[in-house]
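Report on the following structure.
Number of protein chains: 2
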Amino acid sequence: MSKKVLVVGGVAGGATTVARLRRLDENLEIILFERGEYISFANCGLPYYIGGTIEERDALLVQTPESMEKRFNIDVRIKNEVIKILKDEKKIEVKDLSTGKIYEESYDYLVLSPGSTPLRPPIPGIDSPNIFSLWNIPDTDAIYGFIKENCPKKAVVVGGGFIGLEMAENLHELGIEVSIVEMLNQVMAPLDFEMAEIIHEHIKSKGGNLYLGDGVQTFDYKDGKTTITLQSGKTIETDLVILSIGIRPNGELAKDAGLEVNQRGGIVVDKNLRTSDKNIFAIGDAIEVIDFVNKTKTMVPLAGPANKQGRIVANNIVGRKEEYKGTQGTSVAKVFDMTVASTGNNEKTLNKLGKEYGKDYLISFIHAKSHAGYYPEALPITIKLIFDLEGKILGAQSVGYDGVDKRIDVIATAIRFGGTIYDLKELELAYAPPYSSAKDPVNMAGYVAENILNKDVDTIFWNELDDLDRENSIILDVTDPEEREMGYVEGSINIPLNDLRDRLDELDKDKLIVPYCGIGIRGYIASRILVQNGFKAKNFAGGFMTYGNLFC
Amino acid sequence: MSKKVLVVGGVAGGATTVARLRRLDENLEIILFERGEYISFANCGLPYYIGGTIEERDALLVQTPESMEKRFNIDVRIKNEVIKILKDEKKIEVKDLSTGKIYEESYDYLVLSPGSTPLRPPIPGIDSPNIFSLWNIPDTDAIYGFIKENCPKKAVVVGGGFIGLEMAENLHELGIEVSIVEMLNQVMAPLDFEMAEIIHEHIKSKGGNLYLGDGVQTFDYKDGKTTITLQSGKTIETDLVILSIGIRPNGELAKDAGLEVNQRGGIVVDKNLRTSDKNIFAIGDAIEVIDFVNKTKTMVPLAGPANKQGRIVANNIVGRKEEYKGTQGTSVAKVFDMTVASTGNNEKTLNKLGKEYGKDYLISFIHAKSHAGYYPEALPITIKLIFDLEGKILGAQSVGYDGVDKRIDVIATAIRFGGTIYDLKELELAYAPPYSSAKDPVNMAGYVAENILNKDVDTIFWNELDDLDRENSIILDVTDPEEREMGYVEGSINIPLNDLRDRLDELDKDKLIVPYCGIGIRGYIASRILVQNGFKAKNFAGGFMTYGNLFC
Ligand SMILES: Cc1cc2nc3c(=O)[nH]c(=O)nc-3n(C[C@H](O)[C@H](O)[C@H](O)COP(=O)(O)OP(=O)(O)OC[C@H]3O[C@@H](n4cnc5c(N)ncnc54)[C@H](O)[C@@H]3O)c2cc1C
Ligand SMILES: Cc1cc2nc3c(=O)[nH]c(=O)nc-3n(C[C@H](O)[C@H](O)[C@H](O)COP(=O)(O)OP(=O)(O)OC[C@H]3O[C@@H](n4cnc5c(N)ncnc54)[C@H](O)[C@@H]3O)c2cc1C
Ligand SMILES: CC(C)(COP(=O)(O)OP(=O)(O)OC[C@H]1O[C@@H](n2cnc3c(N)ncnc32)[C@H](O)[C@@H]1OP(=O)(O)O)[C@@H](O)C(=O)NCCC(=O)NCCS
Ligand SMILES: CC(C)(COP(=O)(O)OP(=O)(O)OC[C@H]1O[C@@H](n2cnc3c(N)ncnc32)[C@H](O)[C@@H]1OP(=O)(O)O)[C@@H](O)C(=O)NCCC(=O)NCCS
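Protein chains in written order, with the numbering used here: chain A, 1 to 552; chain B, 1 to 552.
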């Protein structure tokens, strides 16, 4: 007799699971339960529909229940919520939300892909009619409708994660003045602070207001307007509030059934994505995964992993054993005209795990160009590459306008293979002037890393400047006088790189020399000249571009 | 005493070598010889300066002799041709082209980066005043000047390689009607035929005239016009001819000195890029390299490898042993609005090596979208992935409008790690709607490859259609009636995928069923339904998109 598979949740993970299951086995009985009205919709496209970039609402519905039934012969039950798992009986209880009727359904295998739910902490006033979360189609319709009807002039996005920033951009597109409130001192948690600062500047340049290191204390709604009082005491008046302050996994169903869940309520699974019950699998936002880089347990709510896990579970169910090897957290977001992407671990994560800069990991930090500088529209791209003392890549972050996703995808691929910075320098990447440079920024990040590992250059980072003993050091601007006129580090002296060899006697050998240039290359060359001439030198990583971003 | 290093050739390989050498060692005596007037120029940018995309001629000169001397303390000798290597005496003979004087220079190490020279076969009339090759700044000035002065209306590019096509595009940008003459039956040799066909269509859609499988017999110049007679007898009248029919390595200097060269005149080097003389290294276009994938010897004239080799040689000279592991031939070119890129081996190469489809390698061929279909401007991207029967990736080609370079860079990275198609499906790549899909096209190419390796699907390619026994097969169009109205394969019958399960009895189990759809996905799903219902089926790879391109 053919097996019966029940799947809970009809979007990224769930829909992929049933499609793959059907391709693998025409005879399975497959039922897909979705408590909402829609399955298989493009969660990730929702902000862009609100902003008008995606014009047709239908475009968001990748598959409908009808097409799923016809194409994949799936019994799709929307507005049916799975309310209980009776694991010992291999049954579930389902509530038909249209009729209120509760019924049972038995299974051979059960797959949980229930996703997650946006947090709505009990802040006073949070239930005001102009405060929204964005997670699904009804949320989208509500926000869309609200904007159409009320033409808000001002909006506040609470939470500077990627959905928050995408919403900020899309509201801005609609001509709405946007403020972003974020509890941390930076937006975009996958980035380290100095990388996020580039984004902060960009948001401000677009007219966005940033309230960093500040949280919402209260919302006060009156006559269509909400006054937000922040923990700092500041107030913001606004017509619309978007909450995107985090999510929690939908793990209750699993927990109530006695399946193992972690502290955050995430469903615990093994390598084959099987829960603590051998007939129940779980995937997507709701599960705990292994961090591919540091091998600790984590939760990574992203569509790519959810889709991949769905396919793996389908394979496992039909008896093709396949393992899920962990999640790197590779992600990307468009933030106004910029792109932010990252993969693997950032410094904050490493520090939380007790890893120390210099002892456990090192950093290659470069500003490069998206493609050959002599070809039009070469735009800046910043890469921060983190690697251990053997050169193994631990993570990378990139911010820029063009080609950011490409460089992160390449590094993500290298990480997947356990690659080192030596591998990065050897990568043979596609080069023609409109696309890259003969030394791609990824190669360059590898070179810089190698120079650091080889101790050919010593580097000083922005966050070490404060501790620099100014008495016993010289900050050496090696740019040309025209460049210096545009700005320089307070207290620095200027010897253009091309004159340095002739003017070494102007420098004191007992002091630490900190050369810097525009982005870091000439500072590095200066370092090499200095060190070989008996000076102590530390190149300032990122040069004036980074300094300016952080301190000017 | 400090060592003396001489470098022959002052552009991609040579300039990189001296820059790295100086960074490594302040004390080396370094002399750079360049027979031309310019060093360190952007060869790859030349076509774009002619076309006006790069506006400033100066932008092409990345470093000048002066800046190279000041920054890197290099003795740069332009218009100095190295005419002889006296390897036993560790000396070279140099001709100062300004004065005609010949002098000697001794070395501890000699680095050869003499590049290559465009072919000018002895075709009658080839020396006419409107026939040019493009290789360096003087060539560029000549073409640029000719166009300014003569305002040609028609141009013929002889040779459909990447420089030829870049020139075609740039001449077209100037409003010149362009014809391309190519001896092979396709442009862009790194692509296989069916991939090149996409480019052929694109060139034609831009108004370019293509003469494929035809060579130049004679050029007849008269009154500013050249009549080209092709081997087929066809004639083309034109105002301007650009020759880009290939290159030969500048290996004579090495050969004359008794260094080992290969049949094509390419300089033979070992893993450390050392020639048959231990004090002489060679790099760049002039050397023979190992094909990274198939391990045979080959020559790959590209800027990325030349640059990387330069850095490796510098390391080796200062005693840091480093190996060059071979060249994959990763390359990319912009062809009008399209992008063409590839890495590793194509089918033609494999076939030349005696490898057979099905026996030695298999193919995953997909049409996908540059990013999520529901986000605006998602454009088609085609990927052809070649892998062996263990799944190891041998090569990939891609053609499209956006994101082509990214996908090839990712696969190039996987190849570098000896990756398999199983690795591709697991890659965790950056996804947000403007950049990719939750299942990136690279993942998708991996899935399709896995299905082929697992024999979950049998695939039929365009070049197997001719041999298909039409009597005993049914070509099954599984698209919807509206799609079928736009075109279909002659002799096919139509059962939309969503109706297939209900209409299986219309099909003959004794015949081979060849389902096809728009791009291949529904054809695959149809195959799965058919096979599990006892039919023999082969999905037509690439669906009607490929069929239309090749046969309509
Ligand atoms: C606005 C937005 C933008 C995003 N952008 C990106 C992006 O750019 N890139 C990216 O990688 N990720 C993005 N994501 C995240 C991505 O969409 C999720 O990680 C992914 O959808 C998770 O898949 P899942 O199957 O676990 O959950 P979901 O896709 O959320 O599906 C879970 C479904 O289960 C249903 N369900 C829950 N419990 C039950 C029950 N008891 N009975 C029946 N049904 C139930 C829910 O109604 C829901 O429809 C975005 C998410 C949002 C909301
Ligand atoms: C128009 C054009 C577009 C290109 N586009 C791309 C692209 O998009 N991507 C890519 O990867 N590659 C591209 N290339 C190829 C790339 O430029 C070469 O592969 C690369 O420059 C090779 O480096 P090299 O150091 O070996 O030779 P070159 O850079 O050519 O330098 C060799 C130099 O040596 C000098 N020389 C030779 N013999 C002597 C001697 N006896 N004495 C003194 N000097 C000597 C020559 O004058 C020459 O300047 C392009 C090339 C051209 C011409
Ligand atoms: C729509 C949805 C049900 C599709 O699932 P799917 O059928 O597994 O995925 P796709 O349509 O991308 O098709 C992938 C399949 O086609 C195959 N395929 C892709 N291109 C192919 C080609 N050119 N030729 C042959 N087969 C091809 C793949 O191998 C894969 O099949 P497999 O898993 O059996 O190997 C599911 O992805 C979904 O619900 N998406 C929307 C929700 C979502 O993901 N949200 C978050 C992101 S916004
Ligand atoms: C211009 C030219 C001489 C430069 O050579 P180069 O100095 O080796 O290359 P770059 O200017 O790209 O600098 C690379 C160096 O800067 C370092 N670097 C790059 N970014 C850095 C940063 N942000 N901080 C510190 N160091 C950095 C790299 O590590 C590398 O040094 P290393 O080799 O010692 O490790 C040479 O590339 C050239 O002649 N190019 C034009 C010709 C050509 O390539 N043509 C074909 C393509 S069009």
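All residues carry an ideal CB built from backbone N, CA and C; glycine is no exception.
Check, Outcome
"Under 8 angstroms between beta-carbons, which chain B residues line up against A:C44? List them in chain order, please.", "A372, Y431, A432, P433, A438"
"Taking its Cβ as the centre, do 16 or more other Cβ atoms sit within 10 Å of A:S527, making it buried, or is it exposed?", "buried"
"Helix or strand or just coil, what does DSSP make of B:G344?", "strand"
"Just checking A:D360 against ligand 2 - is the residue's beta carbon closer than 7 angstroms to any of the ligand's heavy atoms?", "no"
"In terms of residues, what are the limits of the beta strand (DSSP E) holding A:V18?", "Premise fails: A:V18 lies in the alpha helix (DSSP H), 12 to 24, not in any beta strand (DSSP E)."
"Is the CB of B:Q556 under 8 angstroms away from at least one CB in chain A?", "Residue 556 of chain B cannot be examined here, being either before or after the span of chain B that is shown, 1 to 552."
"Measure the alpha-carbon distance for B:K3 versus B:N80 and round it to whole angstroms.", "21 angstroms"
"Starting from A:H371, follow the beta strand (DSSP E) in both directions and report where the run begins and ends.", "First-last for A:H371: undefined, no H or E at that position."
"The stretch 324 to 338 of chain B: which residues have C-beta closer than 7 angstroms to a C-beta of chain A, in chain order?", "K325, T327, Q328, T330, S331, V332, A333, K334"
"Hey, how far is the Cα of A:N73 from the Cα of A:A541?", "58 angstroms"
"To the nearest whole angstrom, what separates the beta carbons of A:Y366 and A:I383, a pair I think is in contact under 8 angstroms?", "In the sequence as displayed, the identity of residue 366 of chain A is Ile instead of Tyr. Going by Cβ atoms, the distance from A:I366 to A:I383 rounds to 5 angstroms, so yes, they are a contact pair."
"Helix, strand or coil: how does DSSP classify A:M299 here?", "coil"
"Apply the 10 Å Cβ neighbour rule to A:K493 and answer buried if 16 or more other Cβ atoms are within range, or exposed otherwise.", "Per the sequence shown, the amino acid found at residue 493 of chain A is Ile instead of Lys. Looking at its Cβ environment, which holds fewer than 16 other Cβ atoms inside 10 Å, A:I493 is exposed."
"Which residue wins for smallest C-alpha separation from A:L253, given the options A:K538, A:V478, A:K87?", "A:K87"
"With respect to 7 angstroms, is the separation between the Cβ of A:T339 and the closest non-hydrogen atom of ligand 6 below this value?", "Among the ligands modelled here, namely ligand 1, ligand 2, ligand 3 and ligand 4, ligand 6 does not occur."
"Assign A:V410 to one of three DSSP states: helix, strand, or coil.", "helix"
"Following a CB-centred definition, is B:V158 positioned closer than 7 angstroms to any heavy atom of ligand 2?", "no"
"Mind checking if B:T568 is an interface residue toward chain A, Cβ cutoff 8 angstroms exclusive?", "The requested residue 568 of chain B is not part of the displayed model; chain B covers only 1 to 552."
"Near B:V111, which residues of its chain fall below 6 angstroms by C-beta distance, leaving aside the five closest residues on each side in sequence?", "V7, T17, F281, V313"
"Using only the heavy atoms of ligand 3, determine whether one of them is closer than 7 angstroms to the beta carbon of B:N150.", "no"
"For a test of your reading of the model: does the CB of B:Y63 fall under 7 angstroms from any non-hydrogen atom of ligand 4? Yes or no.", "Sequence check: residue 63 of chain B is Gln here, not Tyr. True, at least one ligand heavy atom lies under 7 angstroms from that Cβ."
"Measuring only the C-alpha atoms, how far is A:G548 from B:V293?", "45 angstroms"
"Have a look at A:I267 and A:T117 and give me their C-alpha separation to the nearest angstrom.", "14 angstroms"
"Quick one, which of A:G418, A:T140, A:I393 has its alpha-carbon nearest A:D58's?", "A:T140"
"Using the C-alpha atoms, what's the distance from A:T420 back to A:E390?", "8 angstroms"
"Since A:Y48 meets chain B, which of its residues come closer than 7 angstroms, beta carbon to beta carbon?", "Y375, P433"
"Looking at the secondary structure, which residues open and close the alpha helix (DSSP H) in which B:Y103 lies?", "Element bounds for B:Y103: not the alpha helix (DSSP H) but the beta strand (DSSP E), 102 to 106."
"Report yes if the C-beta distance between B:R579 and A:L497 is below 8 angstroms; otherwise report no.", "This structure cannot settle anything about residue 579 of chain B, because the visible part of chain B is limited to 1 through 552."
"So within the stretch 178 to 218 of chain B, which uninterrupted alpha helix (DSSP H) runs reach at least 4 residues, ignoring any that extend past its ends?", "193 to 205"
"What's the call for B:K334, buried or exposed, on a 16-neighbour Cβ count within 10 Å?", "buried"
"Please decide whether B:N494 counts as near chain A, where near means a Cβ-Cβ distance under 8 angstroms.", "no"
"Rounded to whole angstroms, what is the Cα-Cα separation between A:L243 and B:P380?", "36 angstroms"
"Within its chain, find whatever has a CB closer than 6 angstroms to the CB of A:Y103; leave out the 5 residues flanking it on each side and keep chain order.", "V94"
"Does the beta-carbon of A:P434 have 16 or more other beta-carbons within 10 angstroms, so that it is buried, or is it exposed?", "buried"
"Would you mind working out which of B:N250, B:S436, B:Y109, B:L61 sits nearest B:I83, comparing C-alpha positions?", "B:N250"
"Hey, which unbroken runs of the alpha helix (DSSP H) at 4 residues or more fall wholly within the stretch 414 to 480 of chain A?", "421 to 426, 441 to 453"
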